[in-house]
Structure formats: C-alpha cells, structure tokens
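Numbering (UniProt numbering), first residue to last: 1 to 250.
Next up, the structure:
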C-alpha cells in the first residue's frame, strides 16, 4: 500500500521543517518546495522541489512534479509568506512590482495551490482524508500598529476570506480548509516565538480530523490544540507590538 502524500509549499527552517518531520514520522511521503533547495531527494527521504512562489507558473509545476514522483497529495500545507515594508511616512507608496509580488505569494499562489489540491482530492479514494492548511497569523483580524506589515496583512486577510469560503463549499464533499493561527496561552496574538513543533502537532491533528468540529478559522494554543482564542479570550484586544524583521518567502 502506498504512503499518503503531504505537500508543504514554503518549507522553511521553523514551521516547515517541523511539519515535514512530523508527517514523515507518521508515515507520510513528504514533498517540500522552497526557493533555496535543490531538486531531488533529501537525506530524510523528502521529495524536494526548488520553486519561487512569486512566479506565476510555479504552483502547477510543483503539483505535477509531486504527482509524478509520489502521487496525489491528500494534505497540502501553504506555509509561504513575504512582505515589503513601505516607507513609514508613505505606506501606500509601494511599487506595483512589490505589491504584485507580495500579494501573489501571500494570496494568489495559495488560491492556485488550493485549486490544484481540490483537483487532486477528487481523484483520491473516498476513505482518504483531504485537507488544505494555510499558515496564518493575527493579521486577518487586527490592524498592525505599524505599516511595515501592510502587504502581509492584505494577503492574510484576503486568504482568510477565501479559505472560509472554500471550506463552506467543499466541506460538503469531505474536503477541509483551515486558516491556522497560533495564539498565546492567554488567547492573544503571537508576536514572537512562533512554535514549529506546535504547528506540526496541530496540523497533523487537522489532517487526521481528530476533532471535526474545529472550524476553518483554526486558532490554536501549544499543548492544547484548537482554542476559540479570538472570541473567548479575556485579555484586552490591543494591537500587538510588531517585530520589524523582513520575512522572505522560501
């Protein structure tokens, strides 16, 4: 019997690495894409695909390579993100090229990946769990105090909407879509210390459907799993302090 396949788009050193390791340990064939890896097979046995998700043709090519090498993914995880800080005194002055690149990575490529995931889900056996997970954060709900995260926030907010819409449509077929957002134990937004291992544990729970009542807006706490953090937290909903390190998609 062949292994189920998980595809991780944007497999970075923190979340991507931990998620790949967890799924591999649990019997999945892992395929990962990133800008700074070589095509081939990693020492861990992962299928590795070099790709730049700002390129318009990247996602279809990734799916074709995974299908040829290992089969159709039953779990697709979109972990890529990028932002370009605009001038602090002119937050709307980013070049069209920067806007297009950032929003393409944060939203457009993710939608294309979800569409290809659905096409694959339709070919898998009914018994297979079929899951798409987008690595989100608090920016779909909160306006940052700094304009530096403008394009990241635009991408997260837009993606949260289409993920909710997709889950509403496709859950009737048994396909689940999640916007996963790690929270502190108090239910507030994570500002630093995003935990790769916590993401790995939670993503595997979502893929296994251990709790089918978890909604598409899947806020979670390390060691606890799903927590309706945004609505149930007793903490003041003040905008978090922003760390102004530019994060590049990978």
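No residue lacks a Cβ here, since even glycine has one placed at the ideal position from N, Cα and C.
For residue i versus residue j, is the C-beta spacing smaller than 8 Å?
i	j	result
residue 283	residue 7	No answer is possible for residue 283: the residues shown for the chain start at 1 and end at 250.
residue 37	residue 50	yes
residue 82	residue 102	yes
residue 89	residue 156	no
residue 178	residue 160	no
residue 181	residue 138	yes
In this structure, does DSSP put residue i in helix, strand or coil?
i	result
residue 48	strand
residue 222	coil
residue 83	coil
residue 176	strand
residue 53	coil
residue 159	helix
residue 198	helix
residue 171	helix
residue 213	coil
residue 20	helix
residue 13	coil
Any C-beta of chain B sitting closer than 8 Å to the C-beta of residue i?
i	result
residue 41	You won't find chain B in this structure, because it holds only one protein chain.
Per DSSP, which residues does residue i bridge with? Please list them.
i	result
residue 59	Answer by DSSP bridge pairing: none, since residue 59 is not bridged.
residue 41	47
residue 183	189, 221
residue 29	5
Inset, instruction - Evaluate contact between the stretch 16-31 and the stretch 198-210, counting only Cβ atoms and requiring at least three cross-stretch pairs below 8 Å. - result: yes
Inset, instruction - Flag this pair as touching only if the stretch 104-118 and the stretch 54-65 have three or more C-beta atom pairs under 8 Å; answer yes or no. - result: yes
Inset, instruction - Enumerate, from N- to C-terminal direction, the unbroken alpha helix (DSSP H) stretches of 4 or more residues contained entirely within the stretch 73-150. - result: 96-103, 109-121
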